[in-house]
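Undergrad: Dumping the structure here so I can ask a few things about it.
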Amino acid sequence: MSNLNIMIVGVGGQGTLLASRILGDVALSSGLDVKVSEVHGMAQRGGSVVTYVKMGEKVYSPVIEKNEADIILCFEKLEALRWIDHAKKDATIVINNQRIDPMPVIIGKAKYPEDIINKIKADYNNVVDVPALDLAKKCGNTKSVNVVMIGVMAQHSQIKKDVWVKAIEKTVKPQFLEVNLKAFEAGFNYVAGK
Amino acid sequence: MKKLLLGNEAIARGVYEAGATVAAAYPGTPSTEITENIAKYDEIYSEWAPNEKVALEVAIGASIGGARAACAMKHVGLNVAADPLFTASYTGVNGGLVIFVADDPGMHSSQNEQDTRILARGAKVPVLEPSDSSECKEFTKAAFKISEEFDTPVIVRLTTRVSHSQGMVEFAERENYQLKPYEKNVSKYVMMPGMAKRRHPVVEERTLKLAEFAETSHLNRIEWGDKKVGIITSGITYEYAKEVFGNASYLKLGMVHPLSQKLIKDFAKEVETLYVIEELDPVIEEYCLQLGLKVIGKSKLPLVGEYSANLLREKLLGEKVEKTNEITEEAPVRPPVLCPGCPHRATFYVLKKLKLNVSGDIGCYTLGALAPLESVDTTICMGASVGVAHGMEKARGKDMARKTVAVIGDSTFIHSGITGLIDIVYNKGTSTVIILDNSITGMTGHQQNPTTGFTIKGEPTRQVDLLKLCQAVGIDRVRVCDPFDLVGFEKVVKEEIAADEPSVIIAQRPCALLKHVKYGPVLTINQDKCTKCRMCMRLGCPAIVDRGDHIEINATQCVGCDLCPKVCKFNAIEKAGGQNE
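Order-wise, the sequence lines are chains R and L.
Take the first sequence: its position 145, counting from 1, is numbered 145 in our numbering, and each next residue is one higher.
Each number in our numbering comes from the position in the second sequence (counting from 1) with 194 added on.
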C-alpha cells in the first residue's frame, strides 16, 4: 500500500498548525505510521506556510514533494497556485477562496494572479472551491477557517465523522470547542456550488 | 502508549524519562519547543537563561552538582555557548550533561547555516544525530548514559526537519535517577593551566574510546540490502535516502562524531558504489576520504541548503521530476511580514522617515529590512546592533552617529546587547540605541525573559528594569516612549541622535499577539475622503491593500491598532466596527 500524502498550505496566522494537529490525531487513530512536518519561526509571520501529513505502513521522509500529494488543503488561493505542482493528477484539491495579498502585491511590485481556481480546475478534476471564511464567519469566528477546511476534507475522506470530531475535541482549547465544532459541521455539510 | 510528537517534544520526553532534573536554554528556532516542553514536567527545574552561554553554564553547574542536566539552543546559540563548551569538554561531568543543538539547513529562520558538527569536533565532544521523533527520545536517553560513562558533555544534533516533524513515539517510565554525590575535585573542575594540561590528554584518550564505542554501539547500524549501492548517512538525510534508494545497503550513523574507522571500512568493502549523503558540511565524507575510500558525496550534492528526496534523485541518479500540469503562472513570493498591530512598524516608519542608518539585530524586527519599511542596514548576530553602531561611529566620526541608530529587542538586549552598550559608554561613543521593548521574546513564539517579570513556568519573578539598567552602566540620556505616538517618538529620536553623548530610547509597546493586548474595532477607509495619497501604504501593514483604483483595509487582517489613522492627513481611516482578536 502506498502512503496517503496530505498537504496543508496557507499564510502564517491562518491556523494551519492546528489543522495539522487535528489531521495528525486522525491519522494516528488509523493505526498507520504517521509523520507530520511543520514550519515554525520567522516564516510563520505572515509568510507562506506548508505542512505535510504522511501516513502509511512505513513513512520515511516527512516531506511531500512534486507530484506526490493525494490531498492539498489550500487555505488561500495564491498558496494553492504556489504548491499545485505537488499535487498528483488525481489529487483532491480543496481551496478556500480567500485572498490574502502578499507584501510584494500590497506595495505594487507584483500582481496577484487572476482566476487562480479556474486555472487549477482546468488541469485537475477534483477541485473543491470553498468560501471557508464566509462559513467561519457564520459560525461566529473568522479564526475557525482552519476547522471549516478540515470539515470539507472530512466529507471527502473515508474516515468516519466521529473520528474527526474526537480529534477536534482533543486538539482545540475547551473555550473554543463549540465554535470549532460548528465550523467543522459547516465544512462537513458544505456542498460546492451552493 | 504511543503519541505523535515533534522531534523537539520527543527530546523533552527523553529528558524526562532519563530522570534529568535541571534544564536551561535560550529560545531559538528550531530548538525552542524542547525547553518549552521540558518546562511542562514538574519534576524538572527549567529556565530561560539570558543567553546560551549562561544556559550552558547553569547546566554544567547542575551536572557538577550531580544532576542529569539538559541545555538547548539553535546552531548559532552554540557559538555563544562555545566558551563553556570547550572547557566543559575538559572537565567532563558528574551527572550526565546533554546539549541539544538544532541546525537550520535551508535557513528557514536563521542568519547562517553553520554545521554544529564542526564546532563539536573542535570541542572534542561526541555528537548523536537522530533521524525521527522516536530516535530523538531514544538518543536523548542514550546521550545521558554516554555522558556519564565517558565523562563528557554530549551534543545531540538536530535539524529543522527533525525538530519540527511529528512522528510516533512510544512512552516509557521515568528513570528514578539519584543525584550523584558532590565532591570537591580541583584537578577535574578547576581548569587553570596546571590542571588543564592533565585533562587534555584525558580528552584525547576519551575520543579514541568513543570511536571504539561507535564501532559496536546500537546507535550506528548497518541495513544490508542490495550491495551494488551503499549509503553512509545520518539524521534526516537517511529518510530521504530510503525514499530514493529503497533496498540499497545503508550505514546509518546515529553517532556522527567521533566516527568508527572499522565500521566504515567494513561497510565500504562490501559495496560497489559508495555514497555519503549529509546536509551542509562534508564531515563524514572527509573522514572517508582520509581513510582512502572512494565515495560520491559533495562532488554531486550541494554544500548549501536543505536536501530532499527529489534532490537526491536529480543529483545522484540524474532523474528530474517533471511537473505534470500546464500551469505556467508564477506565484508572487510571500515573505514574512511584521504582523498587523506590530509595535515595530511604527518605529521603522519613523526611522525611515528620518532617513537614518539602522544597525539591526535578531528578532521579528529584522523584518524592518524588507520593503516598504526598508529601514535596517545590517543584521549580524544576537546583540550585534549595538557594537556595529559604535564601530560605524568610530570609523566615520561623530557625524555618523548623528544619523545612525541601533535597534534591538528587549530579550536580545539582555542576551548580549548590554555589553555593547557598556562598550559605548566606556569608550566614549555617542550612539543612540533603541530598545524595542515589546514585553516578550517575539519571533520564537512568546517566551518569557528577564524583562517580562515571569519565569518559563509562568511564575511571577523580579523584573529587570531596563531604564535603571541603562542608567547604571552610565547612560545619562534614557528616554521611555511609545512608538505609536508617532509625533512624540520622532521628536525623541531626533533629540537623542543629535545629542553629543550616548543615549538609549526604550520604545515601549507590547507585541500585538499578546493575549492581554486588546485593540479594535477594525478600521475601514472612507473612500469619499481618501485621496489615494498612499501615505498609509508606507506603513507596510499587511491589512492595508492597494487595489489600484482604491486602497482598502482587509477586515480579516486588521486588528484595529489605530496606527494608520495617524499617518492619514485626510482623516479617511475610520472605525468599522467588528473586532479581530
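Glycine included, every Cβ here is placed at the ideal spot set by N, Cα and C.
Alpha carbon to alpha carbon, how far is V350(L) from L322(L)?
TA: 5 Å
Undergrad: How many angstroms separate the CA atom of Y620(L) from the CA atom of S697(L)?
TA: 13 Å
Undergrad: Whole angstroms are fine: how far does the CA of I232(L) sit from the CA of A212(L)?
TA: Annotation: A212(L) to I232(L) spans about 12 Å, alpha carbon to alpha carbon.
Undergrad: Sort out for me which residues DSSP pairs T635(L) with in a bridge.
TA: Q641(L)
Undergrad: So I471(L) is in the beta strand (DSSP E); what residue range does that whole segment cover?
TA: Counted as a single uninterrupted DSSP element, the beta strand (DSSP E) harbouring I471(L) occupies residues T467 to I471.
Undergrad: Could you confirm whether any beta carbon from chain R is found closer than 8 Å to the beta carbon of L404(L)?
TA: no
Undergrad: Nearest-angstrom Cα distance between V552(L) and K597(L)?
TA: Straight-line measurement puts the Cα of K597(L) at about 9 Å from the Cα of V552(L).
Undergrad: Whose Cβ in chain R lies nearer than 9 Å to the Cβ of M386(L)?
TA: None at all; the shortest Cβ gap to chain R is about 41 Å.
Undergrad: Which value, in whole angstroms, describes the spacing of the CA atoms of K194(R) and V130(R)?
TA: Residue confidence for K194(R) is low, a pLDDT of 49 falling below 50, so the modelled location carries little weight; the figure read from the coordinates is stated next. Those two C-alpha atoms are separated by around 10 Å.
Undergrad: Could you pull out every residue in the same chain whose Cβ sits closer than 7 Å to the Cβ of S37(R), ignoring the five residues on either side in sequence?
TA: T51, Y52, P62 and V63
Undergrad: Measuring only between beta-carbons, confirm whether L564(L) sits less than 8 Å from chain R.
TA: yes
Undergrad: Using a Cβ-Cβ cut-off of less than 7 Å, list which residues of the stretch 504 to 523 of chain L approach chain B; keep chain order.
TA: The structure shown contains no chain B; its protein chains are R and L.
Undergrad: Beta-carbon of E433(L) versus every beta-carbon of chain R: anything under 8 Å?
TA: Chain R, which has a Cβ nearer than 8 Å to the Cβ of E433(L), makes this yes.
Undergrad: Decide if Y376(L) is buried, meaning its Cβ has at least 16 other Cβ atoms within 10 Å, or exposed.
TA: Looking at its Cβ environment, which holds fewer than 16 other Cβ atoms inside 10 Å, Y376(L) is exposed.
Undergrad: Only counting the same chain, and skipping five residues up and downstream in sequence, which positions put a Cβ closer than 6 Å to that of G259(L)?
TA: Y376
Undergrad: What separation, rounded to the nearest whole angstrom, lies between the Cα atoms of V450(L) and N125(R)?
TA: 47 Å
Undergrad: Could you tell me which chain L residues have their CB closer than 9 Å to the CB of D129(R), listed as they occur along the chain?
TA: Ordered by position in chain L, no residue passes the 9 Å Cβ test against D129(R), which lies about 16 Å from the chain.
Undergrad: At a cut of 8 Å, does the stretch 181 to 194 of chain R reach the stretch 225 to 240 of chain L through at least three beta carbon pairs?
TA: no
Undergrad: In chain R, what lies closer than 7 Å to M389(L) by C-beta?
TA: Simply none; closest approach about 41 Å.
Undergrad: Any heavy atom of the ligand NAP inside 7 Å of the beta-carbon of I232(L)?
TA: Among the ligands in the structure shown, none appear at all, so the ligand NAP cannot be discussed.
Undergrad: Are there three or more Cβ pairs, one per stretch, closer than 8 Å when the stretch 132 to 151 of chain R is compared with the stretch 91 to 98 of chain R?
TA: yes
Undergrad: For Q360(L), which beta-bridge partners are listed by DSSP?
TA: V36(R) and L200(L)
Undergrad: Return the bridge partner residues of Q702(L) from the DSSP annotation.
TA: Bridge partners of Q702(L): D631(L).
Undergrad: Does the beta carbon of K194(R) sit closer than 8 Å to a beta carbon anywhere in chain L?
TA: Residue placement at K194(R) cannot be trusted, given a pLDDT of 49 that sits under 50; what the coordinates show is reported in the next sentence. Output row for K194(R): interface = no.
Undergrad: Flag this pair as yes or no: are the beta carbons of C758(L) and C730(L) separated by less than 8 Å?
TA: yes
Undergrad: Where does W242(L) sit, in a helix, a strand or coil, going by DSSP?
TA: strand
Undergrad: So, does the stretch 493 to 508 of chain L touch the stretch 328 to 344 of chain L, judging by three or more C-beta pairs under 8 Å?
TA: no
Undergrad: Just curious, the alpha helix (DSSP H) that K121(R) is in, first and last residue?
TA: Looking at the DSSP string, the run of the alpha helix (DSSP H) that includes K121(R) is I116 to D123.
Undergrad: For the stretch 436 to 447 of chain L, list every residue whose C-beta sits within 7 Å of some C-beta in chain R, in sequence order.
TA: K436 and E437
Undergrad: Just to confirm the assignment: which complete beta strand (DSSP E) runs, minimum length 3, are found wholly within the stretch 358 to 427 of chain L?
TA: With a minimum length of 3 residues, the continuous beta strand (DSSP E) runs that stay inside the stretch 358 to 427 of chain L are 359 to 364 and 415 to 417.
Undergrad: May I ask you to report which of helix, strand or coil DSSP gives E231(L)?
TA: Just to set this straight, residue 231(L) is Asn in the shown sequence, not Glu. Taken through DSSP and simplified to helix, strand or coil, N231(L) comes out as helix.
Undergrad: For a minimum of 3 consecutive residues, which ranges assigned as the beta strand (DSSP E) are wholly contained in the stretch 72 to 119 of chain R?
TA: 87 to 96
Undergrad: Please classify R590(L): is it buried, with 16 or more other beta-carbons within 10 angstroms of its beta-carbon, or exposed?
TA: Taking every protein chain shown into account, the CB of R590(L) has fewer than 16 other CB atoms within 10 angstroms, so this residue is exposed.
Undergrad: Who are S443(L)'s beta bridge partners in DSSP?
TA: G424(L)
Undergrad: Please state whether DSSP places Y52(R) in a helix, a strand or coil.
TA: strand
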